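Chemist: Quick note, the sequences are listed as chains D and U, same order. Sequential numbering from 100 applies to the first sequence in the numbering used here. Sequential numbering from 112 applies to the second sequence in the numbering used here. Quick one: this structure, given as structure tokens, is what I'll be asking you about.
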Amino acid sequence: MNRLKYLLLIVVLIGSKASASPFWCGGDDRFTDHPLDYDKIGAELKSSPSLPELYQSIRTRFLSHVTDIDKQFEENVLIARGLLDDLLDPRSPVFLRHVPFRWRDLKFHGIANDCTITAETVQAQKPGLAAVYAALETVNLAGRQANLPDIDGSVAAIRGNWEETRAWLLEDGLPQWPWEMKVNEKLLDTDPGSPTPRTQYLFLRPSLGLNLSYPRQEDADIVPTGALEVFGRIWYRDSYKKHWGIALLTDIDSDNGAGIGFSFRWNGYWAGFVQHADDRPASLYVGIDLYGLFHSDADRSALANEFIDDLSPSVKGLRSGAD
Amino acid sequence: MARNVLFLIHGIGNHGPGWSEKSQQVLSAEFERYMMHAGKNVSLSDSLEFVELPYNGIFVNIWKRWSELSTRLDLLDGQPQFLEQTVDLLGDASTSGSQIGNNRKVDYAGDALLYRSLGLVRRLVLLQIMSEMAGIIADRMASDIRTEFGVLGHSMGTAVAHDALHILGTTNWTQQSWDAGVSKTLTESEAALSSPSGNLRRAEKELLDGVEQKARFSGLSAGMFQFKSIFMVANTCRSLACESDPYRSIVRPRPHPGSHGIAGFADWFVNVSHVYDPVAQIRKLDTARLNDPPGSALDINVSHLYSDDVHALDHYLLNPKVHREVFGTMCPGSFGIAERDYANRRFDEQLEAEGNPDYFKRRGGDFSDTAVASRMREFTTKHFSDLLEKLV
Numbered sequence: 100m101n102r103l104k105y106l107l108l109i110v111v112l113i114g115s116k117a118s119a120s121p122f123w124c125g126g127d128d129r130f131t132d133h134p135l136d137y138d139k140i141g142a143e144l145k146s147s148p149s150l151p152e153l154y155q156s157i158r159t160r161f162l163s164h165v166t167d168i169d170k171q172f173e174e175n176v177l178i179a180r181g182l183l184d185d186l187l188d189p190r191s192p193v194f195l196r197h198v199p200f201r202w203r204d205l206k207f208h209g210i211a212n213d214c215t216i217t218a219e220t221v222q223a224q225k226p227g228l229a230a231v232y233a234a235l236e237t238v239n240l241a242g243r244q245a246n247l248p249d250i251d252g253s254v255a256a257i258r259g260n261w262e263e264t265r266a267w268l269l270e271d272g273l274p275q276w277p278w279e280m281k282v283n284e285k286l287l288d289t290d291p292g293s294p295t296p297r298t299q300y301l302f303l304r305p306s307l308g309l310n311l312s313y314p315r316q317e318d319a320d321i322v323p324t325g326a327l328e329v330f331g332r333i334w335y336r337d338s339y340k341k342h343w344g345i346a347l348l349t350d351i352d353s354d355n356g357a358g359i360g361f362s363f364r365w366n367g368y369w370a371g372f373v374q375h376a377d378d379r380p381a382s383l384y385v386g387i388d389l390y391g392l393f394h395s396d397a398d399r400s401a402l403a404n405e406f407i408d409d410l411s412p413s414v415k416g417l418r419s420g421a422d
Numbered sequence: 112m113a114r115n116v117l118f119l120i121h122g123i124g125n126h127g128p129g130w131s132e133k134s135q136q137v138l139s140a141e142f143e144r145y146m147m148h149a150g151k152n153v154s155l156s157d158s159l160e161f162v163e164l165p166y167n168g169i170f171v172n173i174w175k176r177w178s179e180l181s182t183r184l185d186l187l188d189g190q191p192q193f194l195e196q197t198v199d200l201l202g203d204a205s206t207s208g209s210q211i212g213n214n215r216k217v218d219y220a221g222d223a224l225l226y227r228s229l230g231l232v233r234r235l236v237l238l239q240i241m242s243e244m245a246g247i248i249a250d251r252m253a254s255d256i257r258t259e260f261g262v263l264g265h266s267m268g269t270a271v272a273h274d275a276l277h278i279l280g281t282t283n284w285t286q287q288s289w290d291a292g293v294s295k296t297l298t299e300s301e302a303a304l305s306s307p308s309g310n311l312r313r314a315e316k317e318l319l320d321g322v323e324q325k326a327r328f329s330g331l332s333a334g335m336f337q338f339k340s341i342f343m344v345a346n347t348c349r350s351l352a353c354e355s356d357p358y359r360s361i362v363r364p365r366p367h368p369g370s371h372g373i374a375g376f377a378d379w380f381v382n383v384s385h386v387y388d389p390v391a392q393i394r395k396l397d398t399a400r401l402n403d404p405p406g407s408a409l410d411i412n413v414s415h416l417y418s419d420d421v422h423a424l425d426h427y428l429l430n431p432k433v434h435r436e437v438f439g440t441m442c443p444g445s446f447g448i449a450e451r452d453y454a455n456r457r458f459d460e461q462l463e464a465e466g467n468p469d470y471f472k473r474r475g476g477d478f479s480d481t482a483v484a485s486r487m488r489e490f491t492t493k494h495f496s497d498l499l500e501k502l503v
């Protein structure tokens with residue numbers, strides 16, 4: 100009877116030692132070759148010449164533990180074995196070798212099937228299942244490691260796309276009114292996963308400029324004009340700072356009334372020809388930014404205002420009338 | 112155990128760096144409570160890293176661009192009044208630096224309106240979120256391959272998270288490797304066709320499968336990469352998400368291997384709603400439709416009242432029903448079965464009888480007065496949201 104007590108005591112001591120030192124933490128000789136020896140896996144991931152060889156190593160280690168696994172887990176053993184066989188089959192699609200596998204792939208017998216389950220839980224509650232769990236987890240880690248270069252490639256692609264889109268819409272590209280954004284969204288491929296467009300449509304784009312008419316020398320005049328680019332398109336060149344484009348233009352001023360014509364854009368500056376009436380020659384429309392090009396050392400808007408104020412009585416009339 | 116990462120995506124409004132500090136404090140304090148109870152000396156920061164993913168700067172910049180455009184038309188007084196007033200109404204970005212300025216009329220509508228109605232603005236938002244998220248994923252995985260990732264979206268941030276995750280997981284970002292993969296598949300299939308024993312039908316099938324699978328599987332696609340969990344707090348996906356129908360997107364739990372269901376992007380999908388939060392109740396997501404395999408899509412409804420702002424993220428996270436899922440999925444090494452049981456007991460009021468100070472009262476803070484809580488119930492959301500639902 101006493102011998103039986105001692106025997107029981109020894110069993111309890113061994114059991115407590117095993118549970119006090121989880122196998123995945125290392126330091127327990129019983130588990131140095133365990134499928135879930137993370138230190139070993141980490142070293143293998145770094146040193147393994149190829150993923151198939153690493154999978155082969157995981158498979159060999161797993162099969163050496165299969166004999167320890169309880170029969171009730173046979174279904175899980177088959178899952179893990181099938182997975183490892185698939186991974187090592189050269190006919191398997193390449194992508195399959197990276198697919199993440201999780202504990203959910205397994206059938207748990209009596210363990211609460213919720214999110215708190217860990218390797219520790221499995222080891223504590225169903226030690227016989229731990230090797231199966233471990234095999235899938237190591238495959239998962241190996242697959243993740245092998246997927247890293249692809250992830251890096253994806254990161255570079257997403258970042259490049261983001262930087263281009265930011266340059267287009269927030270920094271260097273021609274600013275768009277909300278309705279222009281909507282038109283571009285419809286006409287261009289602006290899906291977030293697609294490359295950033297190198298072109299842009301103009302639609303009902305209001306602007307201010309100067310209309311230079313020169314029918315005869317004595318009738319030459321320059322008047323401020325509100326214009327609308329009805330529809331047009333620009334193309335970006337090397338970067339979103341440089342573009343050129345054309346648009347259908349309409350304008351209206353106090354002297355000549357409404358007109359229609361074409362405008363040309365080049366790197367933020369634009370000019371166009373507008374026909375106001377059949378009996379008058381076409382006038383030159385100059386965007387205010389093009390005017391400012393020649394006064395780039397000063398505030399263009401302020402200069403333009405001064406210029407307009409000094410121009411002609413008709414201009415002053417327009418301004419005071421508006422007030 | 113690796114230090115996992117939880118991405119935080121904010122809702123409507125201005126959110127500078129550190130916007131989630133209060134929520135993080137709530138989580139840290141609650142986590143500490145469980146660790147103390149279990150006799151563990153672990154802090155939340157040991158096992159979980161929070162990464163804020165801001166996007167409201169995009170809206171600020173868009174308003175600023177429009178403001179500049181309208182300013183250019185200001186040379187002739189009186190002409191562009193309509194445009195100016197429109198921009199002023201939507202947000203005077205140039206003076207206040209805020210996307211909605213001080214204009215209360217559109218205080219809560221401007222961002223959502225922009226995001227929902229303009230695909231180019233959405234593109235900016237999503238690419239910024241995806242760019243930062245993917246960069247962190249690559250960096251942390253390179254440091255420790257075991258690192259797991261989770262996403263927590265709040266309010267409008269749920270729609271942003273939904274769209275960003277769907278695009279991230281369904282786009283083939285590495286076109287170059289795709290081309291190489293397709294070429295390889297083609298070569299192999301040609302070889303199979305030309306061999307004497309080659310089975311034509313099988314080879315054709317493999318060819319098609321190979322092309323299709325390769326197109327769907329790039330480094331961060333749902334087949335190659337998985338998030339640990341996705342939390343949608345005060346979910347607005349059904350109202351604001353644009354890139355895919357929430358019931359058909361990959362923002363859902365991963366189905367069983369071999370299942371023919373829609374690919375999922377996470378192990379766990381957790382949808383959290385407050386019964387008195389109108390935002391969470393309008394066009395509420397039916398989580399049951401994502402629940403494959405059963406038990407992996409959780410629908411959590413809370414009703415606690417600790418603050419007048421029941422919509423606030425930190426207020427949601429106070430509830431053990433909510434934070435137990437965050438801890439359980441993102442810190443499984445520390446927050447195990449015992450801690451989960453304790454969280455359940457805290458909420459189930461079993462601790463009340465024991466006189467335990469840890470008992471989670473459903474009412475507290477500013478709403479300890481039950482009369483106030485009762486009045487609030489009368490005004491809340493059920494009728495209001497039903498009405499809005501009909502209008503939508």
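Virtual Cβ for every residue (Gly too), placed ideally from N, Cα, C. Bear in mind the structure is a predicted one, so any value in this text is a computation, not a measurement.
Taking the alpha carbon of L401 (chain U) as the point to measure from, which residue in U:E465, U:M267, U:R365 has its own alpha carbon closest?
Modeler: The count along the second sequence starts at 1 and reaches residue 401 (chain U) at position 290. The shortest Cα separation from L401 (chain U) among U:E465, U:M267, U:R365 belongs to U:R365.
Chemist: Quick one, are the C-beta atoms of F260 (chain U) and F142 (chain U) less than 7 Å apart?
Modeler: Mapped onto the second sequence, residue 260 (chain U) falls at position 149. Mapped onto the second sequence, residue 142 (chain U) falls at position 31. Taking 7 Å as the Cβ cut-off, F260 (chain U) and F142 (chain U) do not qualify as a contacting pair.
Chemist: Check whether the segment 163 to 179 of chain U touches the segment 266 to 284 of chain D, counting contact only when three or more Cβ pairs, one atom from each stretch, lie closer than 8 Å.
Modeler: Contact between the segment 163 to 179 of chain U and the segment 266 to 284 of chain D is present, because at least three Cβ pairs lie under 8 Å.
Chemist: Cβ of L279 (chain U) within 7 Å of Cβ of L331 (chain U)?
Modeler: As a position in the second sequence, residue 279 (chain U) is number 168, starting the count at 1. As a position in the second sequence, residue 331 (chain U) is number 220, starting the count at 1. Yes, the pair counts as a contact, with Cβ atoms nearer than the cut-off.
Chemist: Among U:Q392, U:D459, U:A377, which one has its Cα closest to the Cα of S384 (chain U)?
Modeler: Counted from its first residue, the second sequence places residue 384 (chain U) at position 273. When only C-alpha atoms are compared, the closest one is U:Q392.
Chemist: With 8 Å as the limit, tell me which residues of the segment 296 to 327 of chain D have their beta carbon closer than that to any beta carbon of chain U; keep them in chain order.
Modeler: Against chain U - using a Cβ distance shorter than 8 Å - the residues of the segment 296 to 327 of chain D are P305, S306, L307, P323, G325.
Chemist: Taking F330 (chain D) and L347 (chain D) to be in contact with their CB atoms under 8 Å, please state how far apart those CB atoms are, rounded to whole angstroms.
Modeler: Within the first sequence, numbered from 1, the residue matching residue 330 (chain D) stands at position 231. Within the first sequence, numbered from 1, the residue matching residue 347 (chain D) stands at position 248. Right, their Cβ atoms sit about 5 Å apart.
Chemist: Any C-beta of chain D sitting closer than 7 Å to the C-beta of N430 (chain U)?
Modeler: Stepping through the second sequence from its first residue, residue 430 (chain U) is reached at position 319. No, no contact with chain D.
Chemist: What residue does the beta strand (DSSP E) around K339 (chain U) start on, and which one ends it?
Modeler: The count along the second sequence starts at 1 and reaches residue 339 (chain U) at position 228. Taken as a continuous stretch (DSSP letters only), the beta strand (DSSP E) holding K339 (chain U) covers 338 to 344.
Chemist: Can you tell me the Cα-Cα spacing of R114 (chain U) and T440 (chain U), whole angstroms?
Modeler: To locate residue 114 (chain U), count along the second sequence from 1; it is residue 3. To locate residue 440 (chain U), count along the second sequence from 1; it is residue 329. Between R114 (chain U) and T440 (chain U), the C-alpha separation is close to 13 Å.
Chemist: So that I know if they touch, is there some Cβ in chain U lying closer than 7 Å to that of E284 (chain D)?
Modeler: Taking the first residue of the first sequence as position 1, residue 284 (chain D) is located at position 185. Chain U, which has a Cβ nearer than 7 Å to the Cβ of E284 (chain D), makes this yes.
Chemist: Does P121 (chain D) come out as helix, strand or coil in the three-state DSSP assignment?
Modeler: For the purposes of this step, residue 121 (chain D) is taken as residue 22 along the first sequence, with counting starting at 1. Note that P121 (chain D) scores 34 on pLDDT, short of 50, meaning its location in the model is unreliable; the coordinates nonetheless yield the value given after this. Residue state, collapsed to three classes: coil.
Chemist: Provide the residue span of the beta strand (DSSP E) that contains D378 (chain U), from first to last.
Modeler: Taking the first residue of the second sequence as 1, we reach residue 378 (chain U) at position 267. Looking at the DSSP string, the run of the beta strand (DSSP E) that includes D378 (chain U) is 377 to 385.
Chemist: Pick helix, strand or coil for V116 (chain U), following the three-state DSSP scheme.
Modeler: Mapped onto the second sequence, residue 116 (chain U) falls at position 5. Of the three classes helix, strand and coil, the one that applies to V116 (chain U) here is strand, per DSSP.
Chemist: If I measure Cβ to Cβ from G127 (chain U) and keep anything under 7 Å in the same chain, skipping five residues before and after, which residues do I get?
Modeler: Here residue 127 (chain U) refers to the residue found at position 16 of the second sequence. For G127 (chain U), where only same-chain residues beyond five positions count, there are no Cβ hits under 7 Å.
Chemist: In its own chain, which residues sit with a C-beta less than 8 Å from the C-beta of G356 (chain D), not counting the 5 before and 5 after it?
Modeler: Taking the first residue of the first sequence as position 1, residue 356 (chain D) is located at position 257. So the list reads H375, A376, once near-sequence residues are dropped.
Chemist: Buried or exposed: T58 (chain D), going by 16 or more other Cβ atoms within 10 Å of its Cβ?
Modeler: This structure cannot speak to residue 58 (chain D), because chain D is shown only from 100 to 422.
Chemist: Comparing alpha-carbon positions, which option in U:A220, U:L229, U:F376, U:N283 lies nearest A272 (chain U)?
Modeler: Along the second sequence, one-based indexing puts residue 272 (chain U) at 161. The shortest Cα separation from A272 (chain U) among U:A220, U:L229, U:F376, U:N283 belongs to U:F376.
Chemist: Check for me: the alpha helix (DSSP H) holding S350 (chain U) runs from which residue to which?
Modeler: Indexing the second sequence from 1 puts residue 350 (chain U) at position 239. Note, S350 (chain U): alpha helix (DSSP H), 348 to 351.
Chemist: Please tell me whether V373 (chain D) and G360 (chain D) are closer than 7 Å, where the distance is taken between their beta carbons.
Modeler: Residue numbering aside, residue 373 (chain D) sits at position 274 when the first sequence is read from its first letter. Residue numbering aside, residue 360 (chain D) sits at position 261 when the first sequence is read from its first letter. Taking 7 Å as the Cβ cut-off, V373 (chain D) and G360 (chain D) qualify as a contacting pair.
Chemist: Going along the chain, which residues of the segment 231 to 262 of chain D sit with their C-beta nearer than 7 Å to a C-beta in chain U?
Modeler: The segment 231 to 262 of chain D vs chain U, Cβ under 7 Å: L240, R243, Q244, N246, L247, D249, I250, D251, G252, S253, V254, A256, I257, R258, N260, W261.
Chemist: Please compile the residues from chain U whose C-beta is within a distance smaller than 9 Å of the C-beta of L153 (chain D).
Modeler: Position 54 of the first sequence, counting from 1, holds the residue named residue 153 (chain D). What L153 (chain D) touches in chain U: nothing, since even the nearest Cβ is about 12 Å away.
Chemist: Report the three-state DSSP secondary structure of V271 (chain U) (helix, strand or coil).
Modeler: Here residue 271 (chain U) corresponds to residue number 160 of the second sequence, with the count starting at 1. Note: V271 (chain U) maps to helix in three-state DSSP.
Chemist: At a CB distance below 8 Å, what residues from the segment 220 to 249 of chain U approach chain D? Give them in sequence order.
Modeler: Answer in chain order: S228, L229, G230, L231, V232, R233, R234, L235, L237, L238, Q239, M241, S242, A245, G246, I248, A249.
Chemist: Out of curiosity, what's the CA-to-CA distance linking R457 (chain U) and A140 (chain U)?
Modeler: In the second sequence, counting from the first residue as 1, residue 457 (chain U) sits at position 346. In the second sequence, counting from the first residue as 1, residue 140 (chain U) sits at position 29. R457 (chain U) and A140 (chain U): Cα-Cα distance of roughly 15 Å.
Chemist: When the Cα atoms are used, what is the spatial distance from N455 (chain U) to L231 (chain U)?
Modeler: Position 344 of the second sequence, counted from the first residue, corresponds to residue 455 (chain U). Position 120 of the second sequence, counted from the first residue, corresponds to residue 231 (chain U). Looking at the two C-alpha atoms, the distance is approximately 45 Å.
Chemist: When you compare the CB positions of I179 (chain D) and V254 (chain D), do they come within less than 7 Å of one another, or not?
Modeler: Locating residue 179 (chain D) in the first sequence gives position 80, where the first residue counts as 1. Locating residue 254 (chain D) in the first sequence gives position 155, where the first residue counts as 1. The displayed chain sequence assigns Ala, not Ile, to residue 179 (chain D). No, the pair does not count as a contact, with Cβ atoms beyond the cut-off.
Chemist: What is the rounded straight-line gap between the Cα of D469 (chain U) and the Cα of P357 (chain U)?
Modeler: Locating residue 469 (chain U) in the second sequence gives position 358, where the first residue counts as 1. Locating residue 357 (chain U) in the second sequence gives position 246, where the first residue counts as 1. Their backbone Cα atoms lie some 37 Å apart in a straight line.
Chemist: So which residues of chain U does T264 (chain D) contact, with C-beta pairs closer than 7 Å?
Modeler: In the first sequence, residue 264 (chain D) corresponds to position 165, counting from 1. Simply R234, L235, L238.
Chemist: Should D128 (chain D) be labelled buried (16 or more other beta-carbon atoms within 10 Å of its own) or exposed?
Modeler: Counting from 1 along the first sequence, the entry for residue 128 (chain D) is found at position 29. Only weak support is given to the placement of D128 (chain D): the predicted model assigns it a pLDDT of 44, under 50, and the value that follows is read from those uncertain coordinates. That one is exposed.
Chemist: Could you list which residues in chain U have their beta carbon closer than 7 Å to that of K281 (chain D), in chain order?
Modeler: As a position in the first sequence, residue 281 (chain D) is number 182, starting the count at 1. L229, listed in chain order.
Chemist: Would a check of beta-carbon distances place G138 (chain U) closer than 7 Å to chain D?
Modeler: The residue given as residue 138 (chain U) occupies position 27 in the second sequence. The question names Gly, yet the displayed sequence has Leu at residue 138 (chain U). Not closer than 7 Å to any Cβ of chain D, the Cβ of L138 (chain U) fails to qualify, so no.
Chemist: Mind checking who L429 (chain U) pairs with in its DSSP beta bridge?
Modeler: Here residue 429 (chain U) refers to the residue found at position 318 when the second sequence is read from its first residue. For L429 (chain U), which the question treats as bridged, DSSP gives no partner whatsoever.
Chemist: Taking the C-alpha atoms as reference points, what is the distance between G252 (chain D) and D419 (chain U)?
Modeler: Numbered from 1 along the first sequence, position 153 holds the residue referred to as residue 252 (chain D). Numbered from 1 along the second sequence, position 308 holds the residue referred to as residue 419 (chain U). Computed Cα separation, rounded: 46 Å.
Chemist: Would L303 (chain D) be called buried (16 or more neighbouring beta carbons within 10 Å of its own) or exposed?
Modeler: For this step, residue 303 (chain D) is matched to residue 204 along the first sequence. By the neighbour-count rule (16 or more Cβ atoms within 10 Å), L303 (chain D) is not buried but exposed.
Chemist: List, in order along the chain, the chain U residues whose C-beta lies closer than 8 Å to that of T289 (chain D)?
Modeler: Here residue 289 (chain D) is taken as the residue at index 190 of the first sequence, counted from 1. Correct list: G230, L231, R234.
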